[in-house]
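Heads up, the thing below is written out as structure tokens.
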Amino acid sequence: MSTVNAPVPADPRMETRVEQETGRTSPASPKRRGLGGSVWWRHALGILALVWALFPILFIYSAATNPSGTLNTASLLPSGFSTKNFVDLFNDSSRPFWSWYKNSMTISLVGALGAVFLGGCAAFAFSRLRFKGRRGGMMALLLTTFFPALLAIVAMYIIFASIGDALPMFGLNTITGLILAYLGGALGANVWLLKGYFDTVPRELDEAAIVDGASHVRIFFTMTLRLVMPILVTVFMLVFVGLYGEFMLASVFLNDVENQTLGVGLYGMTLGNDANTLFGRFTAAALLGSIPVILLYLAFQKQLVGGLTTGSVK
Amino acid sequence: MTKPIALAIKWVLIAAAMVGILWIATRLAAAGNTMAVVIAGLVGMGILAVYATRRAVPLKYLVPGLLFMTLFQVWPVLYTANLSLTNYGDGHLYSKEDSVKDIIAQSVREVPNTPRYKMSIATAEGGDATTADLVLLLTKPDGTMYLGDKTGLKPLAATGVEKTSIGKITKAPGYTVLNARQANARSKDLSAIAVPTSDGGGVKPVGLSEAFEGRATVTFDAGADKLTDTSTQPPSVYAPKDARWVNVADTTQSFPQGWKENVGLANYSRILTDDTIRSGFLKIFIWNVVFAIVSVLSTFLLGMLIALLFNDPKLRGKGIYRSLLILPYALPGFVTALVWKGMFNQDYGIINQTLGLGIDWLGTDLGAKAAILITNLWLGFPYMFIVCTGALQSIPQDVREAATIDGANAFRTLRSIIMPLLLVAVGPLLLASFAFNFNNFGLIYLLTKGGPFNGQDTSIGSSDLLITYAYRLAFSGSAPNYGFAAAVSVVIFLLVALMSIPGFRRTKALEEVN
Chain X
7 MSTVNAPVPA DPRMETRVEQ ETGRTSPASP KRRGLGGSVW WRHALGILAL VWALFPILFI
67 YSAATNPSGT LNTASLLPSG FSTKNFVDLF NDSSRPFWSW YKNSMTISLV GALGAVFLGG
127 CAAFAFSRLR FKGRRGGMMA LLLTTFFPAL LAIVAMYIIF ASIGDALPMF GLNTITGLIL
187 AYLGGALGAN VWLLKGYFDT VPRELDEAAI VDGASHVRIF FTMTLRLVMP ILVTVFMLVF
247 VGLYGEFMLA SVFLNDVENQ TLGVGLYGMT LGNDANTLFG RFTAAALLGS IPVILLYLAF
307 QKQLVGGLTT GSVK
Chain G
6 MTKPIALAIK WVLIAAAMVG ILWIATRLAA AGNTMAVVIA GLVGMGILAV YATRRAVPLK
66 YLVPGLLFMT LFQVWPVLYT ANLSLTNYGD GHLYSKEDSV KDIIAQSVRE VPNTPRYKMS
126 IATAEGGDAT TADLVLLLTK PDGTMYLGDK TGLKPLAATG VEKTSIGKIT KAPGYTVLNA
186 RQANARSKDL SAIAVPTSDG GGVKPVGLSE AFEGRATVTF DAGADKLTDT STQPPSVYAP
246 KDARWVNVAD TTQSFPQGWK ENVGLANYSR ILTDDTIRSG FLKIFIWNVV FAIVSVLSTF
306 LLGMLIALLF NDPKLRGKGI YRSLLILPYA LPGFVTALVW KGMFNQDYGI INQTLGLGID
366 WLGTDLGAKA AILITNLWLG FPYMFIVCTG ALQSIPQDVR EAATIDGANA FRTLRSIIMP
426 LLLVAVGPLL LASFAFNFNN FGLIYLLTKG GPFNGQDTSI GSSDLLITYA YRLAFSGSAP
486 NYGFAAAVSV VIFLLVALMS IPGFRRTKAL EEVN
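In order, the protein sequence lines correspond to chains X and G. All letters in the first sequence, in the order written, are residues 7 to 320 by my numbering. All letters in the second sequence, in the order written, are residues 6 to 519 by my numbering.
This is the structure we're talking about:
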């Protein structure tokens, strides 16, 4: 199919340009309908891609609304609608789903806000201020991304165990401790992404503000941060989603079932026999647990596309 | 106009930071960690120097991030490197002196005709009932009260203490008495407690509410550096060997308590010389590289093809396609991995049922690897799709038009114009993706746990990455070996760094093309 159609887009740009110039008023012109034939195969393949992308999600929905709630009775297509799995999930006192939910949201929200603030400050310095070791500092940050916190997991465990001896509220098995551990990795790749975008804001604006007598603090908080809002949103999202899905540190840090995150809690529902018997409840929890992240993605997908590419290209 | 307010905010924040650090320092001092107190003091002075003066403007912006990075990323990394040179792990958790103390305290046997104490189990006030160090609140039959912990027996002031009629303490200022359920949950820690007493004996708990006084059967001769156990006939002598106390007469016998010791590069040489570990390590490494490369390439190819597919101005409904295609990426990673684990189930999973297959996906070597790659393709292609879409949009139209005018067909334009420009844009992201997948712990651990474990060496799974292997060395199994796990971590870091350097050189070269 594609071999037939491939030569056709000889000058599709010309086509659209002419169309734009003439005010795009002729969708029913015979020429356009003729070329429309080259679009249907894109739709066909697009639908194939959708099937591939969506069938596991359909399966989650089907299993979550499946009245018998086990893995062996779950099917790809919904077999009736039942809220039994959700009711069972909320009434399971040994698996405090809402606590997990709250923990995950708190950790991701605070962690992402913290990372955006720390990263934004550092990116401002790297992009706007000139100082010795600027280039070296950026390279060093890149180097730290090679050594993610999870490789130092043993050391993290020991360090936070000893922090907990002196300051129990920041030790192991606490949400605050886990957030601190996550904030350690707040710079790294984020600063690169942020700095790339900061660089696109013209320096002349800063200079004009300096001439007007504004201090660097004022420029940063009232001007720069507003201008770079899209990348701040992107980084917030990336960090939020990353922390929301983080499993390793959370599983090592959080022992108490009340303190666990969704990831750690849901993992516990798929071990041994529970994998089959609790599958309905597990998928119900997975469905609910996915909602915040999916909403975030759908709300900010434009910024995400813009932020990811601008930050990396520059 | 806002100057005074800004100034006020600044000084309030500085003061708050100082108070916070002071409070942390006092807590650290109370815990007896001198080194940490000194560091807290230095941090406080650094903050004052940076923020209370007008100099060092860049540092004002860098300090917060750097502080967290140093404390929770760089310091753990250095700690890991340091740990990799020790034998820290099961049976080697504390110093040699502590191991001697512990062995002696554990050897305590009840001295005939000594009184039994009434005992309550408690933690220091504010401590976590499941993890904090336990202390024993003891009452002698004559009513005198004591406080026992691993440092020794101290008298307990009677003020504020409440007792039951039989003398069991139910409340003591500064301590939280555990209830029976909490105490029971700590029975393992409880059995390890032995409170040393001044006459060389010790107090040990019996059950949850009584303790007896006993005397040690093991004695330590510091001059000869030997332990003597008098409970056997004849007394057996233990001498230090390989960071443990080994019986001189019968070298197969040793105390379980060893000590932490510097072992130099022994952990590294073990990776290189121990035959099973070396061959296993090589096997894991090869699969690790294959996994990362195939993951990046497959997700990139599929993502790019879909991006090209929708890169047609005439195509309608692109927004809907994009919103739906982004969903796999928008699901939290643990959900994806765990749901696919269910779908790959041999007996009940819908993949075998729908396709009419009977493949043992997660139980065979190849099946597990295929399952992981398929899951990661599903998980990762939307990201590449988004990135490629953005990059394609940023390629200027005139470049394509110029190619068209020069007579290049669509394929040629794609290969010679679009692909190189696309790679410039996404090159760094591909590298980042490689580095991420190289250590993609979550996916592997949640999907297969590194298994199946079919090889000769059951500690090495067929789908293990280096990181899941290191994790298992450190945190599961009966005998965690933190030192060795740390050495594996350091090796992983070096490997990732070495493999990434040429890649970054190449991206720089590509960028100059632009």
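We put the beta carbon where it would ideally sit given N, CA and C, even for glycine. Computed from a predicted structure; not experimentally measured.
DSSP lists G:250 as the beta-bridge partner residues of residue 245 (chain G). The beta carbons of residue 97 (chain X) and residue 181 (chain X) sit about 24 Å from each other, so the pair does not count as a contact at 8 Å. In the three-state reduction of the DSSP assignment, residue 95 (chain G) falls in the coil class. DSSP places residue 121 (chain G) outside any alpha helix (DSSP H); the residue lies instead in the beta strand (DSSP E), whose first and last residues are 121-129. Inclusion of residue 76 (chain X) and residue 88 (chain X) in the CB contact set at 7 Å is not warranted, their separation being larger than that value.
Residues of the segment 151-179 of chain G that bring their beta carbon within less than 8 Å of a beta carbon in chain X are absent altogether. Between residue 43 (chain G) and residue 33 (chain G), the C-beta gap is not smaller than 7 Å, which leaves the two residues out of contact. If you look at residue 59 (chain G), you'll find it isn't in any beta strand (DSSP E); DSSP assigns it neither H nor E.
A distance below 7 Å between beta-carbons, with the five flanking residues on each side excluded, links residue 496 (chain G) to the following residues of its chain, in chain order: 276.
The alpha-carbon separation between residue 286 (chain G) and residue 196 (chain G) amounts to approximately 38 Å. In the structure shown, the three-state DSSP call for residue 259 (chain G) is strand. For chain X, the residues of the segment 293-307 of chain G that bring a beta carbon within less than 9 Å of one of its beta carbons are 307, in chain order. When the beta-carbon positions are compared, residue 365 (chain G) and residue 467 (chain G) stay at least 7 Å from each other. Among the residues of chain G, none has a CB under 8 Å from the CB of residue 206 (chain X); the nearest is roughly 12 Å distant. Straight-line measurement puts the Cα of residue 255 (chain X) at about 7 Å from the Cα of residue 159 (chain X). When the alpha-carbon of residue 175 (chain X) is set against those of G:472, G:132, G:274, the nearest one is in G:132. For residue 43 (chain G), not one C-beta of chain X is nearer than 7 Å to its own C-beta. If you ignore the 5 residues before and after residue 238 (chain X), its C-beta comes within less than 8 Å of the C-beta of 122, 126, 200, 231, all in its own chain and listed in chain order. Excluding its 5 nearest sequence neighbours in each direction, residue 24 (chain G) has no C-beta neighbour in its own chain below 8 Å.
CA-CA distance, residue 166 (chain X) to residue 29 (chain G), rounds to 14 Å. Within 7 Å of the CB of residue 78 (chain G), the CB atoms of chain X belong to 150, 155, 190, 191, in sequence order along the chain. According to DSSP, residue pairing for residue 152 (chain G) in a beta bridge involves G:142, G:159. In the DSSP assignment, residue 409 (chain G) falls within the alpha helix (DSSP H) that extends over 402-410.
DSSP, read as helix, strand or coil, puts residue 234 (chain X) in coil.
For a Cβ distance threshold of 8 Å, residue set 333, 341, 344, 345, 348, 383 of chain G lies close to residue 62 (chain X), ordered along the chain. With respect to residue 127 (chain G), residue 180 (chain G) sits close: the two C-beta atoms are nearer than 7 Å.
Contact annotation: in the segment 30-57 of chain G, residues whose CB is within less than 9 Å of a CB in chain X are 32, 33, 34, 35, 36, 37, 38, 41. Between residue 346 (chain G) and residue 448 (chain G), the gap from beta carbon to beta carbon reaches 7 Å or more.
With respect to residue 101 (chain G), residue 122 (chain G) sits apart: the two C-beta atoms are not nearer than 7 Å. Judged by DSSP secondary structure, residue 273 (chain G) falls outside any beta strand (DSSP E) and instead within the alpha helix (DSSP H) spanning 271-278. The C-alpha of residue 219 (chain G) is placed about 19 Å away from the C-alpha of residue 103 (chain G). When C-beta atoms of the segment 391-401 of chain G are compared with those of the segment 257-275 of chain G, fewer than three pairs fall below 8 Å, so the two segments do not count as touching. If one requires a minimum length of 3 residues, no beta strand (DSSP E) run lies completely within the segment 211-285 of chain X. What residue 251 (chain X) touches in chain G, judged by beta-carbon distance under 9 Å, is 336, 337, 338, 339, 340, 341, 447, going in chain order.
By the rule that beta-carbons nearer than 7 Å mark a contact, residue 218 (chain X) does not touch chain G.
Per DSSP, reduced to three states, the secondary structure at residue 86 (chain X) is coil, with no helix or strand assignment.
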